[in-house]
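Working notes for the structure below.
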Amino acid sequence: NRRVSYLTREDEIFEKLKKGDPDGAEELVRLYYAEILRYCLFRLPDRSMAEDAVQETFLKVVKYFPAYRHRGKFRAFLYKVAANTCADLWRRSKHERLMEDYEGMGEMSCQEAGVGQAEEDMDFGKMVRELPKDLREIVYLRFAQDLKLREIGEVTGLPMRTVQTRLRTALAQIKARMEKEE
Numbered sequence: 004n005r006r007v008s009y010l011t012r013e014d015e016i017f018e019k020l021k022k023g024d025p026d027g028a029e030e031l032v033r034l035y036y037a038e039i040l041r042y043c044l045f046r047l048p049d050r051s052m053a054e055d056a057v058q059e060t061f062l063k064v065v066k067y068f069p070a071y072r073h074r075g076k077f078r079a080f081l082y083k084v085a086a087n088t089c090a091d092l093w094r095r096s097k098h099e100r101l102m103e104d105y106e107g108m109g110e111m112s113c114q115e116a117g118v119g120q121a122e123e124d125m126d127f128g129k130m131v132r133e134l135p136k137d138l139r140e141i142v143y144l145r146f147a148q149d150l151k152l153r154e155i156g157e158v159t160g161l162p163m164r165t166v167q168t169r170l171r172t173a174l175a176q177i178k179a180r181m182e183k184e185e
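First residue of the sequence shown? That's 4 in the numbering used here, and the numbers climb one at a time after it.
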């Protein structure tokens with residue numbers, strides 16, 4: 004039911020964007036901001052960087068919207084832009100941190116205090132974080148972001164069968180750890 008309302012609202016927003024209506028961009032941000040922020044918080048080491056990534060993601064999407072061809076896959080497209088933006092910001096920040104360390108200016112914090120503490124309280128979250136990165140992202144996209152396997156494939160660039168296999172592998176690893184701890 005939620006998906007149907009997204010598609011209808013998306014179509015209205017796309018029409019506004021096509022006409023150059025500035026309300027279209029604002030509505031797009033309102034519709035997806037919280038969801039994309041959660042994803043960027045997962046991908047990046049601190050809230051400030053994640054917020055920058057969200058802002059840059061929406062700027063890119065609006066800027067390049069005229070070239071976008073809507074085929075009912077906008078949500079996956081938005082996540083792909085966010086993933087690429089996070090990767091770019093992470094690389095940039097890594098370079099900046101290396102320069103800061105080199106100049107003796109200290110290190111950036113790699114974990115936001117509130118988010119880190121809340122995650123530590125959750126056994127499942129801890130088990131997910133212990134998964135290899137390729138499995139962890141698929142579990143996160145599926146359960147925290149509620150993406151379908153096809154959408155996860157589009158975001159990660161993997162065939163749907165590979166996504167399915169990796170999700171099954173991740174869940175089996177989590178189940179084994181849970182049974183081991185009991």
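Note that the Cβ used here is the ideal one computed from N, Cα and C, for glycine as well.
Mind checking which residues open and close the alpha helix (DSSP H) that includes Lys-63? Position 60 of the sequence shown, counted from the start, is the residue given in the question as residue 63. Lys-63 -> alpha helix (DSSP H) spans 50–66.
Mapping DSSP to helix, strand and coil, what is Gly-27? The residue you call residue 27 lines up with position 24 of the sequence shown. Correct three-state label for Gly-27: helix.
Just to confirm before moving on: does the CB-CB distance between Val-84 and Lys-63 stay below 8 Å? Numbered from 1 along the sequence shown, position 81 holds the residue referred to as residue 84. Numbered from 1 along the sequence shown, position 60 holds the residue referred to as residue 63. Yes, they are a contact pair.
Tell whether a beta-carbon distance below 8 Å holds between Leu-144 and Ala-173. The count along the sequence shown starts at 1 and reaches residue 144 at position 141. The count along the sequence shown starts at 1 and reaches residue 173 at position 170. It is not a contact, given that the beta carbons lie outside the stated cut-off.
Of the choices Thr-165, Lys-183, Tyr-36, Leu-92, whose alpha-carbon is the least far from that of Ala-46? What you label residue 46 is simply residue 43 of the sequence shown in a count that begins at 1. This sequence places Arg at residue 46; Ala is not what is there. Of Thr-165, Lys-183, Tyr-36, Leu-92, the residue nearest in Cα terms is Leu-92.
Environment of Ala-37 [buried if 16+ CB atoms lie within 10 Å]: Here the question's residue 37 lines up with position 34 in the sequence shown. Ala-37 is exposed by the Cβ-count criterion.
Could you tell me the alpha carbon to alpha carbon distance between Thr-168 and Ala-53, rounded to whole angstroms? By 1-based counting over the sequence shown, the position of residue 168 is 165. By 1-based counting over the sequence shown, the position of residue 53 is 50. Cα to Cα, the separation comes out at about 29 Å.
Assign Ala-56 to one of two classes, buried (16 or more other C-beta atoms within 10 Å of its C-beta) or exposed (fewer than that). Taking the sequence shown and counting its residues from 1, the one referred to as residue 56 is at position 53. Classification of Ala-56: buried, given that the 10 Å Cβ count is 16 or more.
DSSP on Glu-133, reduced to helix/strand/coil? Along the sequence shown, one-based indexing puts residue 133 at 130. It is coil, neither helix nor strand.
Between which residues of its own chain and Gln-120 is the CB-CB distance below 8 Å, once the five residues before and five after are set aside? One-based indexing of the sequence shown puts residue 120 at position 117. For Gln-120, the pLDDT reaches just 40, beneath the cut-off of 50, and the residue's location in the model is therefore unreliable, leaving the point undetermined.
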